[in-house]
Amino acid sequence: MRYKLLQEGDIQVCVIRHPRTFLSKILTSKFLRRWEPHHLTLADNSVASATPTGYMENSISYSAIEDVQLLSWENAPKYCLQLTIPGGTVLLQAANSYLRDQWFHSLQWKKKIYKYKKVLSNPSRWEVVLKEIRTLVDMALTSPLQDDSIHQAPLEIVSKLLSENNNLTTQDQESIIVAIAPLLENNHPPPDLCEFFCKHCRERPRSMVVIEVFTPVVQRILKHNMDFGKCPRLRLFTQEYILSLNELNAGMEVVKKFIHSMHGPTGQCPHPRVLPNLVAVCLAAIYSCYEEFINSRDNSPSLKEIRNGCQQQCDRKPNLPLRLLHTSPDLVSQEATLTESRLKPVIVTANEIHVEVERNNTANQKMTASVGNDSEPNLIDCLMVSPTCSTMSIELSAQADRILGCYVEILKMLSDYDDWRPALASLLQPIPFPKDHCLFLSFLLFFFFFSRELKYVIQRFAEDPRQEVHSCLLSVRAGKDGWFQLYSPGGVACDDDGELFASMVHILMGSCYKTKKFLLSLAENKLGPCMLLALRGNQTMVEILCLMLEYNIIDNNDTQLQIISTLESTDVGKRMYEQLCERQRELKELQRKGGPTRLTLPSKSTDADLARLLSSGSFGNLENLSLAFTNVTSACAEHLIKLPSLKQLNLWSTQFGDAGLRLLSEHLTMLQVLNLCETPVTDAGLLALSSMKSLCSLNMNSTKLSADTYEDLK
1 MRYKLLQEGD IQVCVIRHPR TFLSKILTSK FLRRWEPHHL TLADNSVASA
51 TPTGYMENSI SYSAIEDVQL LSWENAPKYC LQLTIPGGTV LLQAANSYLR
101 DQWFHSLQWK KKIYKYKKVL SNPSRWEVVL KEIRTLVDMA LTSPLQDDSI
151 HQAPLEIVSK LLSENNNLTT QDQESIIVAI APLLENNHPP PDLCEFFCKH
201 CRERPRSMVV IEVFTPVVQR ILKHNMDFGK CPRLRLFTQE YILSLNELNA
251 GMEVVKKFIH SMHGPTGQCP HPRVLPNLVA VCLAAIYSCY EEFINSRDNS
301 PSLKEIRNGC QQQCDRKPNL PLRLLHTSPD LVSQEATLTE SRLKPVIVTA
351 NEIHVEVERN NTANQKMTAS VGNDSEPNLI DCLMVSPTCS TMSIELSAQA
401 DRILGCYVEI LKMLSDYDDW RPALASLLQP IPFPKDHCLF LSFLLFFFFF
451 SRELKYVIQR FAEDPRQEVH SCLLSVRAGK DGWFQLYSPG GVACDDDGEL
501 FASMVHILMG SCYKTKKFLL SLAENKLGPC MLLALRGNQT MVEILCLMLE
551 YNIIDNNDTQ LQIISTLEST DVGKRMYEQL CERQRELKEL QRKGGPTRLT
601 LPSKSTDADL ARLLSSGSFG NLENLSLAFT NVTSACAEHL IKLPSLKQLN
651 LWSTQFGDAG LRLLSEHLTM LQVLNLCETP VTDAGLLALS SMKSLCSLNM
701 NSTKLSADTY EDLK
């Protein structure tokens, strides 16, 4: 039978001094002391006592209890415990046998815990200490009590023991780790124990203890941890464990197998916390590495110190040694004078990372103010002229490249799992560019390296047809750059002449329901790169330029002529521009005033039938169009948006879906009546209707409309 450990205020008992001289009801728990004249409560290290008047005067320490037994003499009161203390005996009477046994096991546990705390606080021989630890662990595992402290208390005792004794041999350390391993199967290690585990991973990464003992511990952390902010040392321990795996002979193959074991063999990971925790571990490791790199250059305050208001070196605490970066004696800082900076690239060294900056002549004036005589240029000053730099590259030493590459490689592995990709895209969507100038300079190098190394992950997002994935390529909010901007030509991470940028534009255009708004954003911010890629024959960019002309995105005549010249400079552009001109002629004919005001297509009509009909004459006066009970789909929306006078549209019992609805919402702003009864539209498409301010009547019977979307539309 399992029992709950005694908690404060849980127990009401009778205290009897032996021989039977007095009975008194009291409140008790782990400790007891006098509270009020007629009530009793807790005191540290105490259980119970009684005075001749029947109330508690002095507490009894758990360490003073010599023995705890179940009362068994003849004619004894029922459900009593006998506590043997110096100078007498105390009886505790419970209401039933279950409560009595609960007290019995709780008192036994507390008595033994205080014993082990005393024994292990002053170790003499480590073989005796190890034996006591094993006995303590066995006691915790076999205890019938159910409480978190049953397993946490032994771990805290061992953690304190290890933190106060730094002269242990490696064999003693591993023996202690193996001894407490059973307790770690269902419990997170305390902070001090995490520190000890981190040290062991750093000093002995190839130890079998790392594989056999730490693996299930880290797996449990990744599966069950809810917030690394509350327990950052768990995150540090996980980072060190992953680095230890990478130090094995198989290296990243071992890490890959570990990631696969966390995901599971099925197509869906059963543990929702694994992915967020892995991403947090990777990003924190990379972030810390580059922050340390910037700090090591000029001993400037770290990001955390800046946020806490520390700006001066005298205010700073000494840097803590980090695993991620170590000073390499092989790399020596190189001096560069102002004259030399005009003639050749400057190498700025900081520990293990080199930054090469090639400056043109326009940057020399800026360097003059910050670089004096023969002194080495300051790293921040070099970064401040980055807008005028022709090239910029980062070279990592083998050790630093392996450490940082390990975490970036894990992010790449995570992007290969289809079920993880939507959540991973959402987690990576916000790019933390700080607005503070000095912080931005620190992050410039971080994103310069990190974003380029992360190109594989971004490419996986761009190839994913799911909108919840590739939509995360855009910025999380207006005015803040996203991966789309970072990998566009001219962006800090673009190193492929815009191929990835074109792929992102293609996938976003295919699912973006605000096509005109997206094209307008491209025209305002990325028209130059689009024209350059179109000039090089990129078909996606040729289509983009044609759409800009077709939707009248460009107002400036000179810019329109430049786009037309760009299109006519390539075979694919010339062909698409000719098709555009033909569509424009047909559009003018279609929108010419005249024709019917009402039109109903026969049932079973298709998209092709509608297109054939609308190309046969003028429909500039068409206001009411019924496609009810036809076989039209969202593809017919491209023809519907060309009807300038359309006010009423009946799509009852068609296959018209979300994609077509999004297109209508952007172009048919004058639509007043819309019937979507028995269509496959969902909340995602219906929400787009909120932009149709002229809509007066909307029929959504027998659709997948949810209550929340209904409220939003109202």
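Counting from 1, one number per residue, gives the positions in the sequence shown under the UniProt record's numbering.
Ideal placement from N, C-alpha and C gives every residue a C-beta, glycine not left out.
By DSSP's assignment, Ser697 forms a beta bridge with Val673.
Just so you know, the alpha carbons of Glu543 and Met576 end up roughly 7 Å apart. Here the segment 149 to 160 makes no contact with the segment 197 to 209; the two share fewer than three CB pairs at distances below 8 Å. Taking C-beta atoms as the reference points, Met692 and Ser665 count as a pair closer than 9 Å. Nearest to Gln648 by C-alpha distance, out of Gln672, Phe656, Asn186 and Leu561, is Gln672. DSSP places Ser569 outside both helix and strand once states are collapsed to three, so it counts as coil.
For Val128, the secondary structure class from DSSP, reduced to helix, strand or coil, is helix.
Every alpha helix (DSSP H) of 4 residues or more that sits fully in the segment 553 to 622 is shown, in chain order, as 557 to 568, 571 to 591 and 607 to 614.
Distance from the CA atom of Ser618 to the CA atom of Lys588, rounded to whole angstroms, is 9 Å. Look at Asn277 here: in three-state DSSP terms it is helix.
The way I'd put it, the segment 62 to 70 does touch the segment 82 to 91; three or more beta-carbon pairs between them come closer than 8 Å.
The alpha carbon of Lys526 has as its nearest neighbour, out of Glu550, Ile286, Gly491 and Arg536, the alpha carbon of Gly491. For the pair Tyr456 and Val281, the CB atoms are not nearer than the 9 Å cut-off.
Excluding its 5 nearest sequence neighbours in each direction, Gly620 has C-beta neighbours in its own chain below 7 Å: Gln591, Arg592, Lys593, Gly594, Gly595, Pro644 and Ser645, listed in chain order. Taking C-beta separations shorter than 6 Å and ignoring five residues to either side along the sequence, the partners of Ile177 in its chain run Val209 and Val213, following chain order. Its chain contains Leu522, Met541, Ile544 and Leu545 as the residues whose beta carbon lies nearer than 7 Å to that of Cys530, once the 5 sequence neighbours on both sides are disregarded; these appear in chain order. Taking 9 Å as the cut-off, the Cβ atoms of Gly537 and Gly573 count as close. The segment 129 to 139 makes no contact with the segment 86 to 100, as fewer than three CB pairs between them are under 8 Å. Bridge partners of Asp67 according to DSSP: Thr84. Taken through DSSP and simplified to helix, strand or coil, Asn122 comes out as coil. Counting every other CB atom within 10 Å of its CB across the protein chains shown gives Arg585 a total below 16, marking it as exposed.
Check the Cα spacing between Gln239 and each of His263, Cys194 and Gly264: the tightest is with Cys194. In this chain, the alpha helix (DSSP H) harbouring Ser149 covers Asp148 to Ser163. Close CB contacts of Thr703 within its chain, under the 7 Å cut and outside five residues either way in sequence, are with Leu676, Thr679 and Val681 (chain order). The secondary-structure analysis by DSSP pairs Gln655 across a beta bridge with Thr633. Separation of Lys115 and Tyr79 (C-alpha to C-alpha, rounded to the nearest whole angstrom) is 27 Å. In the DSSP assignment, Asn624 is bridged to Arg598 and Gln648. The Cβ atoms of Val90 and Ile60 lie closer than 9 Å to each other. The Cβ atoms of Pro216 and Glu247 lie no closer than 9 Å to each other.
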